[in-house]
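Under my numbering, think of the first position of the sequence shown as 9, with each following residue one higher. Using N, Cα and C, we set each Cβ at its ideal position, and we do this for glycine too. Here the structure comes first, spelled out in structure tokens, and everything after it is commentary.
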Amino acid sequence: MSDPAQAPLIPAEAWTTRLVTRNFPQFHGGVAIARTLEGYRKTGGYEALKKALSMPRAALVDEVKKSNLRGRGGAGFATGLKWTFLPKDAKEIYLVCNCDESEPGTCKDRELVEYDPHQLIEGFLIASYALGVKRGYIYIRGEMMQEAKTLVRAVEEAYAAGLLGKEQASAEGPYALELVIHRGAGAYICGEETALLNSLEGKRGWPRLKPPFPAVKGLFGKPTIVNNVETLGNLPHIVLKGGEWFARLGIGKSGGTRIVCVSGHVNKPGVYELPMGVTFRHMIYETAGGIPNGRKLRGIIPGGSSMPPLDASEIDVPCEFDALMTDPRIKDVMVKPDMPFDMGGGRRLKTMAGSGGVVVFDESTDVVALCARIMRFYHHESCGQCTPCREGTGWLARVCTRLATGEGKAGDVDLLAEIAHGIAGNTICPLGEAAAWPMLGFLTKFREDFLARERKAA
Ligand SMILES: Cc1cc2nc3c(=O)[nH]c(=O)nc-3n(C[C@H](O)[C@H](O)[C@H](O)COP(=O)(O)O)c2cc1C
Numbered sequence: 009m010s011d012p013a014q015a016p017l018i019p020a021e022a023w024t025t026r027l028v029t030r031n032f033p034q035f036h037g038g039v040a041i042a043r044t045l046e047g048y049r050k051t052g053g054y055e056a057l058k059k060a061l062s063m064p065r066a067a068l069v070d071e072v073k074k075s076n077l078r079g080r081g082g083a084g085f086a087t088g089l090k091w092t093f094l095p096k097d098a099k100e101i102y103l104v105c106n107c108d109e110s111e112p113g114t115c116k117d118r119e120l121v122e123y124d125p126h127q128l129i130e131g132f133l134i135a136s137y138a139l140g141v142k143r144g145y146i147y148i149r150g151e152m153m154q155e156a157k158t159l160v161r162a163v164e165e166a167y168a169a170g171l172l173g174k175e176q177a178s179a180e181g182p183y184a185l186e187l188v189i190h191r192g193a194g195a196y197i198c199g200e201e202t203a204l205l206n207s208l209e210g211k212r213g214w215p216r217l218k219p220p221f222p223a224v225k226g227l228f229g230k231p232t233i234v235n236n237v238e239t240l241g242n243l244p245h246i247v248l249k250g251g252e253w254f255a256r257l258g259i260g261k262s263g264g265t266r267i268v269c270v271s272g273h274v275n276k277p278g279v280y281e282l283p284m285g286v287t288f289r290h291m292i293y294e295t296a297g298g299i300p301n302g303r304k305l306r307g308i309i310p311g312g313s314s315m316p317p318l319d320a321s322e323i324d325v326p327c328e329f330d331a332l333m334t335d336p337r338i339k340d341v342m343v344k345p346d347m348p349f350d351m352g353g354g355r356r357l358k359t360m361a362g363s364g365g366v367v368v369f370d371e372s373t374d375v376v377a378l379c380a381r382i383m384r385f386y387h388h389e390s391c392g393q394c395t396p397c398r399e400g401t402g403w404l405a406r407v408c409t410r411l412a413t414g415e416g417k418a419g420d421v422d423l424l425a426e427i428a429h430g431i432a433g434n435t436i437c438p439l440g441e442a443a444a445w446p447m448l449g450f451l452t453k454f455r456e457d458f459l460a461r462e463r464k465a466a
């Protein structure tokens, strides 16, 4: 697969390279070849760990920095940089893998765990060694029952083989890691890293005030790194092929490939590993086979439901993290400078690439109803700790739903914007913005749909 229009942007190698999904059944006649330790080893598994253990810790961290690996959990924060926030003199450091994956539209981590659990364990071991972690946790979403079973089995295999729990020779002396799987109970908020840490500690899954950030004061008050499943899954590939190679595969300041989960109105929904610089247009019309029955595109949600939408005129932008902000290639894309909200960072299209959940909606979509559905989700998942989020998300859900069902009132559109502005920036964690930003995005980019409902109601 390659798109000549994008040739100058994307290295040719990136069109044919699969890293984290390389062992998925669709590439091996429907068989998940790496679900067992034996199968994983046959694909070259745990060779990267061997190489990593032969390197000094500092060299490994350098390699990750060079790779331009950015967190795949949603924020796209540079992984190597995050690691350097750990205090230099820390005696006890924890690594926690975030496998809570509850963002509507995102469904990649569960496949990574189900089809290639040892890739995650190997990545976890590499990161743990690099950071000097002796005990780590994988926090897996409660509803992922099958995936949790697969992961537990893989961890048991790794213990039995002496990869976990037993001292191994390394460039820094004998090294051993204890790895614990912890199952969540199905709360979206526990994907937020500090809520996750509270939940791991056996407390209510409420987010903590930051600072201090987990890298300084995290699990049980100790310095802690929280990384996403896909982020850790990339580490064996960085170690084997080198940080610079990984960086070159991507574009700009984002190394590697990108997993996207394309759903909604497309002929071939699915989880795809694509070049980092691929545009949403390519993703929809080439990768996912276009829109059913020749209908026209109305818009997309580019990175999970907490990300504001793009309208149909804005899809010629790469799914890379910075592209929705400052990438010069988006200069010809219609930009609406009068948008009434600022997400910070100069994001020109007022959205983010998020966790890779791309929801496509065509002209048959009731956009107000879609937005109302999203608002009901955030209301349901608000943990209730902060008043603006607890009350505001419910208010957004109620007003948006009444507009969608034809029971709206005059002034509802302005009211929705006012409520959203009252939430954003006024909560302990970003769940508030996860509702407020898409609300404002839908109101801005599909304003006429909302106004029409208001007029109808009056
Ligand atoms: C409400 C909320 C839910 C989140 N859910 C997840 C999640 O399910 N999985 C995830 O990896 N990150 C999630 N995040 C982001 C995490 O807080 C954190 O940034 C991420 O796990 C860090 O890993 P990374 O640097 O590898 O991306 C969520 C953030 C918020 C605010």
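(Q) Assess contact between the segment 138 to 148 and the segment 186 to 203, defined as three or more Cβ pairs (one per stretch) separated by less than 8 Å. Is contact present? (A) Three or more beta-carbon pairs separated by less than 8 Å link the segment 138 to 148 to the segment 186 to 203, which places the two stretches in contact.
Q. Exposed or buried, H388, counting other C-beta atoms within 10 Å across all chains shown (16 or more means buried)?
A. exposed
Q) Between the beta-carbon of V366 and the beta-carbon of M291, is there less than 8 Å? A) yes
Q) If you follow the beta strand (DSSP E) that N236 is part of, which residue opens it and which one closes it? A) T232 to N236
**Q.** Residues of its chain near G251, where Cβ-Cβ distance is below 6 Å and the 5 sequence neighbours each way are ignored
**A.** E71, K74 and S75
Q. Would you say F254 touches ligand 1, meaning its beta carbon is less than 7 Å from a heavy atom?
A. Remark: the shortest separation between the CB of F254 and any heavy atom of ligand 1 does not fall under 7 Å.
(Q) Output needed for P182: all residues of its chain with C-beta closer than 8 Å, excluding positions within five of it in sequence on either side, in chain order. (A) E175 and Q176
Q. Among A444, P231, G449 and A83, which one has its Cα closest to the Cα of T92?
A. P231
(Q) Quick check on DSSP: helix, strand or coil for P125? (A) helix
Q) Is V234 near ligand 1, in the sense that its beta carbon is under 7 Å from a heavy atom of that ligand? A) yes
Q) Can you name the start and end residues of the alpha helix (DSSP H) that L248 belongs to? A) Run containing L248: L243 to K249, per the alpha helix (DSSP H) assignment.
Q: May I have the straight-line CA-CA distance separating E164 from K157, to the nearest angstrom?
A: Approximately 11 Å, taken between the alpha carbons.
Q) When the distance is taken between beta carbons, is N275 closer than 8 Å to A255? A) no
Q.
Tell me the residue span of the beta strand (DSSP E) that contains V367.
A. G365 to D370
Q.
Once DSSP output is grouped into helix, strand and coil, what is the label at C437?
A. coil
Q: Might you give, ordered along the chain, the residues of its own chain that have their beta carbon closer than 8 Å to the beta carbon of D335, omitting 5 neighbours on each side?
A: Here the model assigns D335 a pLDDT of 39, short of 50, so the residue's position is not dependable, and the following value carries that caveat. Cβ within range, chain order: G260, V325, P326 and E328.
Q. To which residues does DSSP link R212 through a beta bridge?
A. According to DSSP, which records beta bridges pairwise, R212 is partnered with nothing at all.
Q. Can you check whether the CB of C408 is closer than 8 Å to the CB of A442?
A. No, these two residues do not count as a Cβ contact at 8 Å.
Q) In chain order, what residues of the same chain have a beta carbon less than 6 Å from the beta carbon of G199, not counting five sequence neighbours either side? A) D108 and S110
Q) Nearest-angstrom Cα distance between S62 and K90? A) 23 Å
Q: Go to T395, then tell me how far its alpha helix (DSSP H) extends in each direction, as first and last residue.
A: T395 -> alpha helix (DSSP H) spans T395 to A412.
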